[in-house]
Amino acid sequence: MRAVPATGHGGGRASLEPDIAVLDQDPPAGGTDVLRINDLRVEFRFPRYSVEVLAGIDLSVGSGEIVGIVGESGSGKSVTALSIVGLLQRPGFVTGGRIDFAGTDLLEVGADEMRAIRGNRISMIFQNPRASLNPVFSVGKVLREVLRVHSGLRGGAATARAVELLADVGLFDPNAVLRRYPHQLSGGMAQRVMIALALASSPQLLLADEPTTALDVTIQYQIIQLLSRLRQERNLAQIVITHNLGVIAELCDRVAVMYAGTILEEAPVERIFDAPRHPYTQGLLAARARTELTGRLESIPGQVPDMRNRPPGCPFSPRCPHAGDVCRTANPAMEAVEPRHRVACHRWTELA
Amino acid sequence: MSEPLLDVIGLEKRYAVRSGVFRHRDLVAADDVSLTLSAGETLALVGESGSGKSTVGRCILRLEAPSGGCVRLDGTDITELEESDVRRLRPEMQMVYQEPLESLNPRHRVGKLVAEPLVLHGIVGKTEVRNRVVELFQLVGLGEEHVDRYAHALSGGQQQRVGIARALATNPKLLILDEPTSALDVSVEAQILNLLRDLQRRLRLAYLFISHDLAVVSMLADRVAVMYLGQIVETGPTRDVLSNSFHPYTRALVSATPVDHPRQKKLRIALTGEPASPIDPPAHCRLVPRCPYAEPVCSAVAAELLPIDSCRSTRCVRFQQEHCDGIWDPGGDVPIQDTVIRSTESEVNELKLND
Amino acid sequence: MPTSLPYMREKATSFFHWCRRNPVTALGFGIILGLGILGILAPLIAPYDPYALNPRERMQAPSWNHLFGTGIFGEDIFSRVLHGIRIDFGIGIGAVVIGLFTGSTVGIIAGYYGGKIDEIFMRLMDIVAAFPGFILAMAIAGVLGPSIPNLIIAIAFVNVPVYARLSRSRFLVIRNSLYAMAARGVGASDFRILTWHLLPNSLAPIFVQSTLQCGWAILDAAGLSFIGLGVHLPTPEWGVMIGLGVPRIITGQWWISFFPGLAIAVTVMGFNLIGDGLQDLLDPKRR
C-alpha cells in the first residue's frame, strides 16, 4: 500500500477515514496551484462545420497533487492535455479561456516560449511509449541530448546523470538500457524511459495521457507505484488521464469526470467513489467490472455521444435515467456540493 | 461428469524464429495446455500479453495449426482433420475478436457479414437469410436499421454486437471470446458483458473467455486457467483461485489488479522485471527470475501442472511440496486443508492431470 | 437490394462534396470525362473527315476553318486530334486493363499463397522489370509488328510487374488481416476469402495505380508510334501526328505537332490528377 505522505504539502492523500477536516488541511485551491485552467474552450474546425470539443473546462492542480481526468473516448480528456502543452493540432483551435501556469497564461505565450516551458517545466508521457521514442536513436543518445539542452550537461556528467535518472525510474542495469534502441525495450521499460526523459528537466508538472493503458497489469502496477513515488519524493504535480477507474483509485488525489467535452463532476478521489453526485459518475462506477462482484452490471444505456450531434442541455441527458425537461434544454452550471466537490447537474439535490 | 464439450490435451504451438543465417530457434507460444469445457460453462483463460492465451484460442479453432497435442470437440479430434472437414465443423465453434472493427471487412455491409455464415453453411434458405439476419441483430440488441451499415459507421459497442451476431449465426455450442471488451469504453463494456451473460443463459453456450482483466473474468467465468509464458500455471473455480491463489503468479496478478475503491487495502506482491523470453524456455518454473518466493528447488525440478484437490491444480513446485506445512499460506488467514500431494516422482506422475 | 434511390443520392451528394474539397482531382475528372465525351462524339463534331486529304489546303495555320490548322497533306488537325482520342484512349485503357488483369492475378496468387510460388512469380516479374520499360516495349512491338493490338500487348506486358508487385504487397498485408481470419473462422474457403473478402480491399490502390498508368500508357503508345513501331499512317494517332509534324517545326508550321502534343499532355495530366486524388475517395474510412 502507498505510504502516507508527509503532511504539509497539499495533495498527499491521507489514508485516514475521509472526513472533511482532513480534506480541508489541503491548501485551499488558488494559492499554491501549479496549474489553473479557466473556461478552456476548444473547437475542431472542418470545412463545412465545426465542433466544440471542449465546452469550458475549469480545473486546477495543486503542487504535489495528482489529478485524474477520467472519461470515455471522445470526452475531450486528451484534447485538454494537448491544449495545456500547446500541442493541439489542426483542425483543433483553442477558442477561449486561460491556462495559468506559474503566473503565465500558456495560451498567450509564443511558440518558442511554449517549447521552452514544455520541455523544461511541463513534461508529458503518452499511451504508447515505444511509438513516442525515435527508433533510430539509442536511449542514451536521446537522454543525453535532453540533458544537454535542459541542463547543459555534456560528456561524462551527462552519462552519469542519465544513469541516475534511469535508476531512479526503477530500471535495472541502467548502463545497459542506455545502449538499447526503442525496439529492444518492452512496453514497461519504454514507459519508464519516457518517464526518465520527462524527469530530465525537473518539471513541476507531468501530464500522463493513458500512461498504463497499453501495458500489462503487473507492469501497470509498477508504473502506478513509480508515479506515486515521484509525487512523494519530488512533490511532482501530475495530471493523469485515463479511462480506468482502478488507476484513478490507486493513484489520484482528486478526480475530474469528463463527458462530451465538459467536466461533469470534480471531487477528491474518495468522495467520487463514496458519494458520487452526478448520474454519469454513478453509472460509470456501477458499470465497471469489479473483482468482488458477480452478476449483472448496471450498464449505462446508449452510446458515447458523437461530438457532431451534441445534445442540447446537459450532454448526458439522452442517457441519463433521471433526466427531466430542464436537463434537455438548459446546460447545468457547476455547483459546489461541499468545498472541493463540484457537480454539473440540475437535479443533484433532488437525487442526493 | 459426462463427456465435456471441449477437451484440450497437451496443446502445443511453436513458431520457428530465425536467429542467425541458418539457425532456427523455437518460440514456444503454448506448451502443455490442457483444459476442458462443458456446455453452458465459462472458462476464463487469463494472462498477460505474450502468455499465449490468444494462440490457444486460435489453435482450438484451427485458425492456426497446433504443433502438438489434441483438441476434441464433442469427442472428435479436430487436430487430425483436413481443412475441408474443419470447415464443416466451424458452425459448432465460433470466435469473437478483440478488435471488432478490424475483424469486420470494411467493404461489406455488416448485414452481409452476418449473413455470410448462414449462406456458407446453408443454415437457412436464400429467401430467409435477410429475416434471420434481422433476428440475429435483434438478439444482440441491434435494430434493423444497422443491417445495411458499414462497420466503420457503427460505434465500438455496436461493432462488437455485430461480431457476436456473426458468431451466433451458425448456432454454435462453443464461443471463444478473445478479449471481447478490452477495446471498449467502460459503459459499453458493461453492456457487452451483460449481453454475453444473457446469451449464455438463453442459448446454453460454452464460453472460453480469453482476458487479462481479472475484474471482468470474475464477473463472467465459472472457472479460470491462468497462463504465464505459454503454460497454464493454475486452474480452479474463479472465486477460489482469485481469493486464495496457489501460484505466486496468480497472486501477483490479483495484487496488481487496481483496487475497486481508493480505501481498499490489498496484499501487494510485486513481480520484479518483465516476463522472460518465450524462446527456448527452461523446463523448470518460468516465473523463477521474477518470483519473490523462488528458491533453489524451483530451478532444479521440472514444473508440472498437478492437481491439488478435486477441482484445483497448480504448477508451483514449492506449493506442491510445502503448503501442507503451512509455510505456503497465501494471505495468512486462510489455512489450506485440502488434500495434499507430497510426493516422490512416481506418485506425481500418476497424478498428472493430463494422463 | 437496399441500394435504392436514397442510397444513390447519398453517394452522389458525397461525390459532390468530395469534388468541392478536392478541386484539383475534380479537374482531372473533368478533363478525362470531357475528352472521353469528345472522343465518343468525334464523328459528329469533327468538321472534316480525319482521313480526308486536301492538297489545296496544305499546312495552313490555325483559323476558324481549321481550328488547329492543317497538316502536310492538307488534313484537318482538329478532326484528327478528336478522332485520336478514340485511338489513344483505346490503346491506353486497353493496355492498362490487360496489364492490370494479368499483373494482379500474378500478384494475388503470389501474395496469397507465398512460399515457392511467390518466389518464382516475383523473380519472373523482376526479370521483366529489369529492362527499361520503353525499350522493352520497343522490342516487343518490333517483334510482333506494328498494329494496334500488338501495341496494346507490348505496353500491357511492360506494366505487368507494376501491378503484380502492387497487388502482391497489398495481399501480403491483408491476408493477415483480422477480418480474413474471422472469415476463415466462420467457415469461408480460400477462394471465397480471396474473392469476396480480400479482392475488394486490394482494389483501391491498384485502381489508383491503374489511372496513373493510363496516362503513361498513352504516352508510351504515342512514343512507340512516333518512332514508327506502333500505329501507322494514316491512322489519326497522336504520336504519329507529332512525328509527322516534327520536321516542320523549324520551318514554322508548329501547329502540326503542337496540338496532338498538347492533347497528350492534357490527357496524361488528367489521369494523374485523378490518380492522386482517388486514394481518398476509395478509402472507405474517409468517405
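Protein chains in written order, with our numbering: chain A, 915 to 1266; chain B, -10 to 344; chain C, 703 to 989.
The beta carbon of each residue, even a glycine, is placed where N, CA and C say it ideally should be.
For the C-beta of E88(B), the chain C residues within less than 8 Å are, from N- to C-terminus, L880. Residue environment: V222(B) is assigned as buried (16 or more neighbouring CB atoms within 10 Å of its CB, all protein chains considered). For A1258(A) against L1178(A), the beta-carbon gap comes to about 5 Å, under 8 Å, which counts as contact. For I1214(A), the residues of chain B that pass the 9 Å Cβ criterion are V175, S176, V177, A179, Q180, in the order they occur in the chain. Note: R3(B) is bridge-paired with V17(B) in the DSSP secondary-structure output. Close to N120(B), with beta-carbon spacing below 8 Å, lies no residue of chain C; the smallest spacing is near 14 Å. For the C-beta of M883(C), the chain B residues within less than 7 Å are, from N- to C-terminus, L52. If you draw a straight line from the Cα of V1083(A) to the Cα of I1109(A), it is about 7 Å long. The beta carbon of P907(C) sits no closer than 7 Å to any beta carbon of chain B. In this structure the stretch 1139 to 1159 of chain A lies against the stretch 1112 to 1121 of chain A, because at least three pairs of beta carbons, one per stretch, are closer than 8 Å. For the C-beta of S1100(A), the chain B residues within less than 7 Å are, from N- to C-terminus, E263. Contact note: L231(B) does not reach chain C at a C-beta cutoff of 9 Å; the least C-beta distance is about 30 Å. Listed in chain order, the non-local C-beta contacts of V286(B) below 8 Å within the same chain comprise V306, R307, Q310, local neighbours out to five positions each way being set aside.
The Cβ neighbour count for S765(C), taken over all protein chains shown within 10 Å, is under 16; the residue is labelled exposed.
Per the DSSP secondary-structure output, A1045(A) pairs with nothing in a beta bridge. F960(C) has its alpha-carbon roughly 12 Å from the corresponding atom of V968(C). Straight through space, the alpha carbons of G730(C) and L1001(A) are spaced by roughly 36 Å. Rounded to whole angstroms, the separation of the alpha carbons of E263(B) and S1100(A) is 8 Å. At the C-beta level, I854(C) and A797(C) come within 7 Å of one another. Within the same chain, I1013 come within 6 Å of L1020(A) by CB-CB distance, once the 5 residues on both sides are set aside. A Cβ-Cβ contact shorter than 7 Å links G741(C) with R788(C). For a Cβ distance threshold of 8 Å, residue set A884, G887 of chain C lies close to M84(B), ordered along the chain. By a beta-carbon distance limit of 8 Å, I958(C) contacts G771(C). Their separation comes to about 7 Å.
At a cut-off of 7 Å between beta-carbon atoms, H719(C) makes no contact with chain B. The beta carbons of P1215(A) and C1228(A) sit about 16 Å from each other, so the pair does not count as a contact at 8 Å.
In the three-state reduction of the DSSP assignment, I1039(A) falls in the strand class.
Nearest in C-alpha terms to L128(B), of all of R186(B), R51(B), V243(B), is R186(B). For N952(A), the pairing in a beta bridge is given by DSSP as R1012(A). In the structure shown, D828(C) falls within a helical segment according to DSSP collapsed to helix, strand and coil. Annotated three-state conformation of A156(B) is helix, per DSSP. Leaving aside the five residues that flank G972(C) on each side, the residues in its chain whose CB is nearer than 6 Å to its CB run, in chain order, G730, I733, I734.
Cβ-Cβ distances below 7 Å link S904(C) to S869, R872, F873, I876 in the same chain, with the five nearest sequence neighbours on each side left out; the list follows chain order. In the displayed model, I810(C) falls within a helix according to three-state DSSP.
Under the DSSP assignment, C59(B) falls in the beta strand (DSSP E) whose first and last residues are 57 to 62. A straight line joining the alpha-carbon of L34(B) with that of L1165(A) spans about 28 Å.
Annotated as proximal: G990(A) and M1172(A), with beta-carbon spacing under 7 Å.
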